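A.B. asks: I have a structure here, written as structure tokens, and I will follow up with some questions on it.
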Amino acid sequence: MSKKTDVVFVEKLLQTFVHKNGRRPRMLLSSTEIPEQQDVLHRIAIQLSDLGFDVDFAPTFVDVNHLVKQAIENDVHSIHLVVSGAERINPIKDIESALIQNDCSNILVSTIEIKDSNNSIEMKAVGLLKVLLKQSN
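When you line the sequence shown up against this note's numbering, it's residues 122 to 258, in that order.
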């Protein structure tokens, strides 16, 4: 698929999501470390916002409970951590466990690798919307 085709597909999926849920999909975006990631984080947020997502920022990820609390308070559909390919830490299971403990297992958790951030945001958005639409059925 071309980038233009991907964007059109995202727009169609977003329209379906809004029709079913009465609002745009909302996500919480955070980075796991490294202040240099903040520029990448902002670029990703702008790209996702331009596609039609509501994007909230979490401070740099340090504590699972704080991140989960912010996700619940902001009523997000998903949490996305921006990570570098070299990072060994992958707190997804801890975040998912904390969401289950807070009766919010419906919140999707994923990572976005920095190396992929330039060329796959549209495809990431397509995958996310497909999952969210299945959850809303």
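Every residue gets a Cβ at the ideal spot worked out from N, C-alpha and C, and that includes glycine.
These numbers were taken from a predicted model, which means no experiment stands behind them.
For V230 versus E217, is the C-beta spacing smaller than 8 Å?
C.D. replies: Cβ atoms of V230 and E217: closer than 8 Å.
A.B. asks: If you compare alpha carbons, which of V139, R147, S170, N142 is closest to I242?
C.D. replies: For I242, the nearest C-alpha among the options comes from S170.
A.B. asks: Would you call K251 buried or exposed, if buried means 16 or more other Cβ atoms sit within 10 Å of its Cβ?
C.D. replies: So K251 ends up on the exposed side.
A.B. asks: Checking 8 Å against the spacing of the C-beta atoms, do I228 and A192 come in under that value?
C.D. replies: Their beta carbons are under 8 Å apart, which means I228 touches A192 by this criterion.
A.B. asks: Cα separation between S199 and K125?
C.D. replies: Approximately 24 Å, taken between the alpha carbons.
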